[in-house]
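Below: one structure, written as structure tokens.
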Amino acid sequence: MSFNTALSGLNAASTMLNTIGNNIANSGTTGFKKSRAEFADVYATSVGGGGKTTVGSGVATANVAQLFQQGNIQSTGNTLDLAVSGEGFFVLGDSVINSSERVYTRAGMFHTDNQGYVVSNNGQPLLVQQPLGSTVADGFNPLQLQPLQIDSSQSEPQATTAVSVGFNLDARKEAPATAFSGPVSGVVDPNTYTHGTSVTVYDSLGNAHTFSQYFVSKNDLAATPPVVNSWSVYSYIDDTQVTTAASAGGPPPSDTLTFDTSGNLASINGTAVATGGSKLAYTSTTIAPNADPMTVSLDLGNSTQIGSDFVVSALTQDGLASGRLSSIDIDDSGTVFARFSNGANEPLGRVALVRFDNPQGLAKLGDTQWGETASSGAPKQGSAGVGGFGDIASSSLESANVELAAELVNLIIAQQAYQANAKAISTENETIRSLMQIQ
0 MSFNTALSGL
10 NAASTMLNTI
20 GNNIANSGTT
30 GFKKSRAEFA
40 DVYATSVGGG
50 GKTTVGSGVA
60 TANVAQLFQQ
70 GNIQSTGNTL
80 DLAVSGEGFF
90 VLGDSVINSS
100 ERVYTRAGMF
110 HTDNQGYVVS
120 NNGQPLLVQQ
130 PLGSTVADGF
140 NPLQLQPLQI
150 DSSQSEPQAT
160 TAVSVGFNLD
170 ARKEAPATAF
180 SGPVSGVVDP
190 NTYTHGTSVT
200 VYDSLGNAHT
210 FSQYFVSKND
220 LAATPPVVNS
230 WSVYSYIDDT
240 QVTTAASAGG
250 PPPSDTLTFD
260 TSGNLASING
270 TAVATGGSKL
280 AYTSTTIAPN
290 ADPMTVSLDL
300 GNSTQIGSDF
310 VVSALTQDGL
320 ASGRLSSIDI
330 DDSGTVFARF
340 SNGANEPLGR
350 VALVRFDNPQ
360 GLAKLGDTQW
370 GETASSGAPK
380 QGSAGVGGFG
390 DIASSSLESA
400 NVELAAELVN
410 LIIAQQAYQA
420 NAKAISTENE
430 TIRSLMQIQ
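Listed below in structure tokens is the structure:
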């Protein structure tokens, strides 16, 4: 029996050496999780037998456990390199066509294929939650995972529908001596208006146009009664005056802004700002061939009139020209954004993560991938930042969780155990030989 006992020790030490060797060999493998050989002693049992003189029968390998401790996160500079800091696994489909057959990995080395799909080194697509709209606020569908595809086509233009302007009109200015006459060949006589500002807007085809406002003071202290705190505003898209919805019969001479004695905008065309009168709706029908007419809401609600220089404090519009894909960004929630040259940001999906009640029960599939088993339990789907799935770091990879110093120490221990068991076999062999020589 001592031969068998020592032989079991050799087998156990060999298993330990193989396990440690595999850990050391994969110390540079991205997303690799080390293993640990676990052993149990072996005893023969007998009915009614006592335990005081029982001698063990050796050792057996009880388990080779996978250890899923976090590996170090290292920066790479490649946007599509992803690392999970937490319990989550990336989800990979079998192929772009068949994404229902899934495997799981911590190795986030991804790139795009010739169709723009984000895939692993084996060509397996990364699965993401699909966006429910054109903005992050619209949310994502966690129930239907699809391969992530990056479309390199141009971003569609977006016609301007809203312009917001914040400014201060100089309360010290009085009405110009010359009446406002509008632009002539793109030029406006500066003696006919008090202040002016403009912003670039876009039609439905992405063509750029200049949307201008000319402010003319109506303040006249010499008039009877005196005119104070009142301004006219003339609006043009390029050289064409635009009309408000209230004047469909033709362009109005101007719109009238009235301020209170504190310098705050009180009304526009007689409608109080406090009751929603801070916006003007303009329509232009002569924009560009084949483009839709533009209807632009001009919000002047953040405007003032005090005795200081004219200044524009805010000027925004919501239109976009067409744009080309300039970059891909992935935030720590796993949301993938396509950034376009026109300033548009489009969410393409949110990287799906799964976790398991018993990750040690996962089946090793090779290529740093795991498969679901009855022991691991079914995958629980989620996303980064919630529910213990962990965070996602873009431009980073998770190193193997192998500590080389500890593995080398364990290697020495396993080697000594192997040598000791080999010595036990050698000693038993010498003992038997000595017995056979007795005559």
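Sequence positions in the sequence shown follow numbering that gives the first Met the number 0 and run 0 to 438. Every residue gets a Cβ at the ideal spot worked out from N, C-alpha and C, and that includes glycine. What you are looking at is a predicted structure, and each value in this text was computed from that prediction instead of being measured.
Nearest Cα to G181 within the set F166, Y213, S152 and T160: Y213.
Here A423 is not near M15, since their CB atoms are 8 Å or more apart. A direct Cα-Cα distance of roughly 20 Å separates A176 from T257. Here N140 has Q128, Q129 and L131 as same chain residues with Cβ atoms under 7 Å from its own Cβ, once five neighbours each way along the sequence are excluded.
As for any beta strand (DSSP E) of minimum length 3 sitting wholly inside the stretch 280–366, the runs are 293–298, 303–305, 310–316, 324–329, 334–339, 344–354 and 362–365, ordered along the chain.
DSSP lists D80 as the bridge partner or partners of M108. Inclusion of G342 and L319 in the CB contact set at 8 Å is warranted, their separation being smaller than that value. Shortest Cα-Cα distance from I149 to any of A136, T111, V41 and V162 involves T111.
If you look at K217, you'll find it isn't in any beta strand (DSSP E); DSSP assigns it neither H nor E. Taking each of T78, S266 and Y192 in turn and checking the Cα distance to S211, the smallest one comes out for Y192. In the DSSP assignment, P146 forms a beta bridge with L126. With contacts defined by Cβ atoms closer than 8 Å, V83 and I391 form a contacting pair. Nearest Cα to E406 within the set S296, I23, N3 and A5: I23. The secondary-structure analysis by DSSP pairs K33 with nothing; it has no beta-bridge partner. Shown here, I437 sits in coil according to DSSP, grouped into three states, outside any helix or strand.
By the Cβ criterion, the stretch 325–340 is not in contact with the stretch 282–299, since fewer than three pairs of Cβ atoms, one from each stretch, lie closer than 8 Å. Going by beta carbons, S163 and S395 fall outside the 8 Å limit. Nearest neighbour of N17 by Cα position, chosen from A265, V102 and R35, turns out to be R35. Rounded to the nearest angstrom, the Cβ distance from F388 to G87 is 4 Å, consistent with a contact under 8 Å. Among the bridge pairs identified by DSSP, T257 is matched with S229 and S266.
By the criterion of at least three beta-carbon pairs nearer than 8 Å, the stretch 219–232 is in contact with the stretch 252–271. Straight across, the Cα-Cα distance linking L264 with L142 is about 50 Å. In this structure G57 is buried. Its beta-carbon is surrounded by 16 or more other beta-carbon atoms within 10 angstroms.
By the Cβ-count criterion, A271 is exposed, with fewer than 16 other Cβ atoms from all chains shown falling within 10 Å of its own Cβ. Taken atom to atom, the span from the alpha-carbon of T159 to that of R323 is near 19 Å. The continuous beta strand (DSSP E) containing D169 extends over residues A161 to D169. Our two residues, P189 and A280, have alpha carbons roughly 26 Å apart in a direct line. Short of 8 Å from the beta carbon of D298, and not among the five residues preceding or following it, lie these beta carbons of its own chain, in chain order: A161, V162, S163, V164, S277 and K278. Rounded to whole angstroms, the gap between the alpha carbons of V90 and N71 is 21 Å.
For P189, the secondary structure class from DSSP, reduced to helix, strand or coil, is helix. Cα atoms of N218 and H208: separation of roughly 31 Å, rounded to the nearest angstrom.
Bridge partners of N62 according to DSSP: E37.
Residue H194 holds the alpha-carbon nearest to the alpha-carbon of R171 among V187, S151 and H194.
Per DSSP, reduced to three states, the secondary structure at S13 is helical. In this structure, the alpha-carbon of D238 lies about 7 Å from that of S184.
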